[in-house]
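Chemist:
2 protein chains.
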Amino acid sequence: MSIPTSGSHLTASAGSRNEQTRRHNLSTLLTLVHHHGALSRAELTKLTGLNRSTIGALNTELAAAGFVFESAALESGTVGRPSPMVNPSAGIVALAINPDIDAIEVGAVGLGGKVLVRARRATDSVPTPDEALDIALELIEDVRAQLPDGVSVIGVGVAVPGLVETSTGMVTRAPHLGWQDVAWGEQLSDALGLPVQVGNDAAVAVVAVAVFGAGQGAADLMYLNGSASGIGGGVIAGGTRLVGANGFAGELGHTLVNSEGVDCYCGRTGCLETEVNLNRLQAAAEVAGISAADAVAQLGSPAPEPFESEVDREADVLAHGIANLISVFNPEAVVLGGFLGDLYGARQERIRAGVLADAFAPLGDNVRIERARLGDELLLVGAAELAFGPLLHDPSGWKAQA
Amino acid sequence: MSIPTSGSHLTASAGSRNEQTRRHNLSTLLTLVHHHGALSRAELTKLTGLNRSTIGALNTELAAAGFVFESAALESGTVGRPSPMVNPSAGIVALAINPDIDAIEVGAVGLGGKVLVRARRATDSVPTPDEALDIALELIEDVRAQLPDGVSVIGVGVAVPGLVETSTGMVTRAPHLGWQDVAWGEQLSDALGLPVQVGNDAAVAVVAVAVFGAGQGAADLMYLNGSASGIGGGVIAGGTRLVGANGFAGELGHTLVNSEGVDCYCGRTGCLETEVNLNRLQAAAEVAGISAADAVAQLGSPAPEPFESEVDREADVLAHGIANLISVFNPEAVVLGGFLGDLYGARQERIRAGVLADAFAPLGDNVRIERARLGDELLLVGAAELAFGPLLHDPSGWKAQA
DNA sequence: CTTCGTTTGTGGTCGAAACGAACATAACCT
DNA sequence: AGGTTATGTTCGTTTCGACCACAAACGAAG
């Protein structure tokens, strides 16, 4: 027996130069510190397998560029010379924007993934692209004004509820916003003079979950988010987000869960999102004398029929759907956000048991099911991650700007 | 707007040494030549982006090790000095083994993916692990005897119809063979004194499809294979095989296609494999006066009821199932093998139309649906690829043995 | 309480590995 | 013969690791 080879890329192509090694190592180091938080130099040496000298040199370069700073060692209590900590610099900031149907939200996120400043403006109606752009620019001004002196904004990440062409920043189709073929990324970039990355909100969220949220550390992860507009989601497989040939992979809301179910706008019948559905939950709540607005809050406590049975039904269908997807992806963790998280909170045992009963024998046993943790910061953190991408990928290319 | 970042690994960790560059480049070159076939040095230069000098040096090293050989340039008809071709050496061979319920098959596959020699022995009953091992060893002796002098066997790849622990070569559970917790890989390795890699047959097949078969060149690919024992499959996503946390991802035969369907042994109801099923097809054939053995052959030609309707039904369900999976994976190509390939051959338009009608709007349009091409060589080529893995990953590590 | 050994880790210099640039040359077409 | 495309070789640059000297913590012995 020898080296296992699974997981290697089948399509080899790009050659590697000598200087790419440096780029890769700088990227690795900065990414580690950004995702994991402060790490000692000794820990970095162990994690990367690189030589102390090399770590030292790389570190000096990152510190000189202002991306990290060193601080005194923690009081460890162990023998030996203490190793200084390498911290992500909070002076490096990404702006995150989330235009949605009822509000525009903007945040400033520091390297390390902490949200430093937030601003939100509710809108009376669904904003047009131009309105959203104007509001976003105003909010950005507010946010930047609140940032301490000396921070440098390295870019902007946008999370849009719709299909996005990531390479151009074009919003191809955002049905809930009513946007179509809008070059929002380019317009924003022109107005700000900053690089802008645009992504789908679910795709952005799953990255946040994987890097800073409940899915931290899992290389294989499913994220399902329930909102008024349906169920979105995303998948991390082998440490990489599942993208698909056209960037549309991971439409988990449209997996079949009940052939006898309700017709879905996607043209099919009995999709997960038509069967596990916030509107249906709220409708049942109102019949039971609970206001639609309180439906989610009431999930935990005993409630009159038909609300109780509807909650049970949705929990069962959700479990069935998760089990179905587990046999496809064999994930390490399943993270539930939005009202799916609330549903799970209220029917944890029922859903867990349903998944175990339904999933292919060995797969269900080891799966970690969890609620999303980052709450309303999820999209901001994820969008910022989009903006941090180029920096993390090639720190040396950014030295000039810092 | 700037560099797109999708597809990058979220979990950075391993540092890169200077010598890894060489390993990576050698690997890239050898993999290109192995997968793509003979390439000129100039083409290699363009594909890898490396310097001519470097390509020359790498090439010399690979040739010295005996993995490739140079030959005269093709008569191109273009101006300029002709560039010599770099060919995969057929003197480097991997052995491939496929123990199945009714036969053991062994093949010798050369670098470049060509099957050089095959041997097969049918068994009267399902072979025990020991029986299978003995037969395999005999067949291997036959095969090696037929190989020309001077070829070197670099390893063995095994495709097993069951769950496999790839790191140890342990067959955890192979229900159709009735094997459980068999250290087949280790036994084989001990008997032969060669490195042995064991993999699941579907996983192995999808790699063959992606590298040498109908899915060639597709970075996002779904493969579905129909056999008497059900529907197996695998997924290539972003150029890598979908593995999952425990190596069990891609159980595509157990996605739900009909909640009102037949109970499946997996515990659920209406799985793709219970609804699109060879036995049901054969049963319908017999009622229609066609022998079970001829059922698949009759797929193309008009046939009496109820066979005709059963074929239509299975085609429709297959289309529905494919559409469902397309919305999850957004693949570039879908490849159908076994009787699914025959079914597609007979009902191509119907299945295509069904997929288009059912799939999420933009996703179905671009998908290439194809029949598997490598036929009964598929598993051998795939298993050999398993054996080639370590060599392709690190050619310099193998120089000594050549 | 001081001292000294042990442990763990940093800093700096030097050498080795690997790739790219530049120049000279070779082979093909028109 | 001239233009075009490609190879081969030498030399310089980049980058990492090995090695040696030294620093900072703990703890045991005097």
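Residue numbers (this note's numbering), protein chains in the order written: chain A, 475 to 876; chain B, 475 to 876.
All residues carry an ideal CB built from backbone N, CA and C; glycine is no exception.
Contact defined as beta carbons within less than 8 Å: I believe Ala857(A) pairs with Ala538(A). What is the distance between those atoms, to the nearest angstrom?
Modeler: In fact, because the Cβ distance is near 28 Å, the residues do not count as touching under 8 Å.
Chemist: Shorter than 6 Å, the distance from the beta carbon of Tyr697(A) to the closest heavy atom of the ligand NAP, or not?
Modeler: The ligand NAP is absent from the structure shown, which contains no ligands of any kind.
Chemist: Quick check: the stretch 695 to 705 of chain A against the stretch 668 to 681 of chain B, are there 3 or more CB pairs under 8 Å?
Modeler: no
Chemist: Checking contacts by CB at 7 Å: is Asn804(A) closer than that to chain B?
Modeler: yes
Chemist: So, is the C-beta of Asp655(A) closer than 7 Å to a C-beta in chain B?
Modeler: With respect to chain B, the C-beta atom of Asp655(A) has no partner C-beta closer than 7 Å.
Chemist: Are the stretch 620 to 636 of chain A and the stretch 858 to 869 of chain A touching by the rule of at least three beta carbon pairs closer than 8 Å?
Modeler: yes
Chemist: Please state if the CB of Ser557(B) and the CB of Ala516(B) are separated by a distance shorter than 7 Å.
Modeler: yes
Chemist: Quick one: using the 10 Å Cβ neighbour count with 16 as the cut-off for buried, is Ala677(A) buried or exposed?
Modeler: buried
Chemist: Between Glu734(B) and chain A, is any beta-carbon pair separated by less than 7 Å?
Modeler: So yes, Glu734(B) belongs to the interface.
Chemist: For Phe686(A), tell me which candidate among Ala759(A), Leu848(A) and Glu788(A) has the shortest Cα-Cα distance.
Modeler: Leu848(A)
Chemist: Report, in whole angstroms, the separation of the C-beta atoms of Gly763(A) and Phe803(B), which I expect to be a contact under 8 Å.
Modeler: Going by Cβ atoms, the distance from Gly763(A) to Phe803(B) rounds to 44 Å, so no, they are not a contact pair.
Chemist: Skipping 5 residues on each side, what residues in its chain have a beta carbon closer than 7 Å to that of Gly721(B)?
Modeler: Thr640
Chemist: So, helix, strand or coil for Ser870(B), using DSSP?
Modeler: helix
Chemist: For His728(B), decide whether its Cβ has a neighbour in chain A, counting only Cβ atoms nearer than 7 Å.
Modeler: yes
Chemist: Pull the bridge partners of Asp694(A) from the DSSP assignment, please.
Modeler: Asp694(A) pairs with nothing; no bridge assigned.
Chemist: What are the residues that DSSP puts in a beta bridge with Ile705(B)?
Modeler: Gly700(B)
Chemist: By DSSP, does Glu851(A) sit in helix, in strand, or in coil?
Modeler: helix
Chemist: Do Gly707(A) and Leu726(A) have their C-beta atoms closer together than 7 Å?
Modeler: Contact flag set, yes.
Chemist: Please identify, using Cβ separations under 9 Å, the residues of the stretch 828 to 846 of chain B that lie next to chain A, in order along the chain.
Modeler: Answer in chain order: Ala831, Asp832, Ala833, Phe834, Ala835, Pro836, Leu837, Asn840 and Val841.
Chemist: Which residue wins for smallest C-alpha separation from Leu500(A), given the options Thr528(A), Val627(A), Ala619(A) and Gly744(A)?
Modeler: Thr528(A)
Chemist: Check distances from the C-beta atoms of the stretch 703 to 724 of chain B to those of chain A and list, in chain order, the residues that come in under 9 Å.
Modeler: Val709, Ile710, Ala711, Gly712, Gly713, Thr714, Arg715, Leu716, Val717, Gly718, Ala719, Asn720, Gly721, Phe722, Ala723 and Gly724
Chemist: State the CB to CB distance for the pair Gly652(A) and Val645(A), rounded to an integer number of angstroms; the pair is presumed to be in contact (CB under 8 Å).
Modeler: That belief does not hold up - the Cβ atoms of Gly652(A) and Val645(A) are roughly 11 Å apart, past 8 Å.
Chemist: What is the DSSP secondary structure of Asp768(B), counted as helix, strand or coil?
Modeler: Looking at Asp768(B) - three-state DSSP - the assignment turns out to be helix.
Chemist: Verify the CB distance criterion: does Thr519(A) have a CB-CB separation below 7 Å to chain B?
Modeler: no
Chemist: Could you list which residues in chain A have their beta carbon closer than 9 Å to that of Val731(B), in chain order?
Modeler: Leu730 and Ser733
Chemist: At the level of alpha carbons, what is the spacing between Val855(A) and Ala769(B)?
Modeler: If I take the Cα positions, the gap works out to 57 Å.
Chemist: Compute the Euclidean distance between the alpha carbons of Gly554(A) and Glu859(A), then round it to the nearest angstrom.
Modeler: 37 Å
Chemist: If you draw a straight line from the C-alpha of Ala570(A) to the C-alpha of Arg647(A), how long is it?
Modeler: 20 Å
Chemist: Given that a residue counts as buried once 16 or more other Cβ atoms are within 10 Å of its Cβ, and exposed if not, what is Ala682(B)?
Modeler: With 16 or more neighbouring CB atoms inside 10 Å of its own CB, Ala682(B) falls in the buried class.
Chemist: Check the Cβ of Arg742(A) against every Cβ in chain B and list those closer than 7 Å, keeping chain order.
Modeler: Asp832
Chemist: Ignore the nearest five residues each way along the sequence and tell me which others in Asp868(A)'s own chain have a CB closer than 7 Å to its CB.
Modeler: Arg497 and Ser501
Chemist: Going by C-alpha distance, which of Gly812(B), Asp786(B), Thr534(B) and Pro780(B) is nearest Asp679(B)?
Modeler: Here residue 679(B) turns out to be Ala, not Asp, going by the sequence shown. Looking only at Gly812(B), Asp786(B), Thr534(B) and Pro780(B), the smallest Cα-Cα distance to Ala679(B) is reached by Gly812(B).
Chemist: With distance defined between alpha-carbon atoms, name the residue in Ala766(B), Pro776(B) and Gly744(B) nearest to Ala702(B).
Modeler: Ala766(B)
Chemist: Please list the terminal residues of the continuous beta strand (DSSP E) segment that includes Leu569(B).
Modeler: Ile566 to Pro573
Chemist: Which of helix, strand or coil does DSSP assign to Gly481(A)?
Modeler: The pLDDT assigned to Gly481(A) is 45, lower than 50, so where the model puts this residue is not dependable; a value taken from the coordinates is nonetheless given after this. Here DSSP, grouped into helix, strand and coil, assigns Gly481(A) to coil.
Chemist: Around the Cβ of Val736(B), are there at least 16 other Cβ atoms within 10 angstroms (buried) or fewer (exposed)?
Modeler: exposed
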